[in-house]
Amino acid sequence: MRTFLIAGNWKMHQNIAETKAYFNEFTKLVKKAPEGVNILLCPVYTSLHAAAEATAKVDGLHIGAQNLHFEDKGAFTGEITAEMIKETGADHVIIGHSERRQYYNETDETVNKKTHKAIQAGLTPVVCVGELLEERKADRHFEVVKKQVVEGLKGVSKGDATKLVVAYEPVWAIGTGETASPDQAQEIHAFIRKELSSLYDEGTAAKIQILYGGSMNPGNAEELLSMEDVDGGLIGGASLKPDSFSEIVHFAGKIYSS
Ligand code: 13P
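Residue numbers -16 to 241, in our numbering, belong to the letters of the sequence shown in order.
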């Protein structure tokens, strides 16, 4: 059985003090990740170190950054390297989030370079894909997501493919309160898994975790996480509160052990 990854993307929220307060609370609610579940939280860069301190307290808790640069150093004002992220104690990194594609000119090509860099540095990349509302309405979502997967993972070997995570986040469901139905999520997750099988092979595709993101919350998480090809969540708003995030973590544990 596949294991779950329950991930929180804090976006541009929670300073250092708020991060410490969050983990004070969270470590009371989750003393260790349930069997079959890993937990990931991705704060802003300045809070990474404070967040990483909590990993010593909770077994199965990981910390990740929300972006990285694909070069090792240089004149790239405002950017950060994979090694700098690792130095904070983080071991994951979100790549190609739709907000970065939308506002910061992230392309499949930069996503691909960043994915290679993360793997090379020993960070687990969480590669985000997902269609816009107009693409879904025009029934182009399969085509759009396929291109993002194929181009984003170009040149990643079969051995390295199992070191990455894919997150499907339909842009129309992010922060809107609108969620893909469990059937819609399952349909496209199965499609992504099929694409991964043709890029690699079935065994490799089965090992790659595919997360769902887009208005996941304690009210809909159990149903979404119960779908066969949904291996976890990438959660924005509901990850900002320790109680709602921990509730989702516990649902995953319950599904794994049922
Ligand atoms: P929301 O859960 O707030 O919709 O955000 C999803 C997301 O973008 C996670 O990366």
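Cβ coordinates follow ideal geometry from the N, Cα and C atoms, glycine included. Quick caveat: nothing in here was measured; it's all calculated off a predicted structure.
C-alpha distance - Asp226 paired with Ala104, whole-angstrom precision: The residue given as residue 226 occupies position 243 in the sequence shown. The residue given as residue 104 occupies position 121 in the sequence shown. When rounded, the distance between both Cα atoms is 33 Å.
Spatially closest choice to Gly186 from Thr60, Thr145 and Asn200, by CA coordinates: Against the sequence shown, residue 186 aligns to sequence position 203. Nearest option by C-alpha distance: Thr145.
Nearest candidate by alpha-carbon position, reference Gly(-9), set Glu18, Gly19, His80 and Arg(-15): Within the sequence shown, numbered from 1, the residue matching residue -9 stands at position 8. When each option's Cα is compared against that of Gly(-9), the closest is His80.
Beta-bridge partners of Thr107, as assigned by DSSP: The sequence position of residue 107 within the sequence shown is 124, counting from 1. Answer is His75, bridged to Thr107.
Thr213 - DSSP class collapsed to helix/strand/coil: Here residue 213 is taken as the residue at index 230 of the sequence shown, counted from 1. Here residue 213 is Val; the residue named in the question, Thr, does not match the sequence. In this structure, Val213 counts as coil in the three-state DSSP scheme.
Cut-off 6 Å between Cβ atoms - residues of its own chain near Phe53, not counting five sequence neighbours on either side: Working through the sequence shown from its first residue, we reach residue 53 at position 70. Lys96, Lys97 and Lys100, listed in sequence order.
Check: Ser198 C-beta below 7 Å from any heavy atom of the ligand 13P: Here residue 198 is taken as the residue at index 215 of the sequence shown, counted from 1. Flag set: Cβ of Ser198 near the ligand 13P.
Identity of the residues DSSP links to Leu44 by a beta bridge: In the sequence shown, counting from the first residue as 1, residue 44 sits at position 61. Bridge partners of Leu44: Ile22.
Environment of Phe59 [buried if 16+ CB atoms lie within 10 Å]: Within the sequence shown, residue 59 is the residue found at index 76, counting from 1. Exposed.
Thr71 vs His45 beta-carbon contact at 8 Å: Indexing the sequence shown from 1 puts residue 71 at position 88. Indexing the sequence shown from 1 puts residue 45 at position 62. No, Cβ-Cβ distance for Thr71 and His45 is not below 8 Å.
Where the beta strand (DSSP E) through Ala(-10) begins and ends: In the sequence shown, the residue the question calls residue -10 occupies position 7. Unbroken beta strand (DSSP E) run through Ala(-10): Phe(-13) to Asn(-8).
Contacting residues, own chain, Cβ-Cβ under 7 Å from Ser180 (five flanking each side not counted): Numbered from 1 along the sequence shown, position 197 holds the residue referred to as residue 180. Excluding sequence neighbours, Ser180 sits near Ala188.
Whole-Å CB distance - Leu194 paired with Leu(-12), under 8 Å assumed: For the purposes of this step, residue 194 is taken as the residue at position 211 of the sequence shown. For the purposes of this step, residue -12 is taken as the residue at position 5 of the sequence shown. Contact holds; Cβ gap of about 6 Å.
Distance CB(Val110)-CB(Val94) smaller than 8 Å: Locating residue 110 in the sequence shown gives position 127, where the first residue counts as 1. Locating residue 94 in the sequence shown gives position 111, where the first residue counts as 1. Yes, Cβ-Cβ distance for Val110 and Val94 is below 8 Å.
Gly216 versus Leu208 - alpha carbon distance: Residue mapping note: residue 216 aligns to position 233 of the sequence shown, counting from 1. Residue mapping note: residue 208 aligns to position 225 of the sequence shown, counting from 1. Distance between the alpha carbons of Gly216 and Leu208 is about 8 Å.
First and last residue of the uninterrupted beta strand (DSSP E) at Val27: Position 44 of the sequence shown, counting from 1, holds the residue named residue 27. First-last for Val27: undefined, no H or E at that position.
Ile102 versus His(-4): straight-line alpha-carbon distance, rounded: Here the question's residue 102 lines up with position 119 in the sequence shown. Here the question's residue -4 lines up with position 13 in the sequence shown. Roughly 26 Å separates the two Cα atoms.
Per-residue burial, Gly138 [other beta carbons within 10 Å of its own, 16 or more giving buried]: Counting from 1 along the sequence shown, the entry for residue 138 is found at position 155. Exposed, since its Cβ has fewer than 16 Cβ neighbours within 10 Å.
For Glu189, the three-state DSSP class (helix, strand or coil): On the sequence shown, position 206 is the one that residue 189 refers to. This sequence places Ala at residue 189; Glu is not what is there. Of the three classes helix, strand and coil, the one that applies to Ala189 here is helix, per DSSP.
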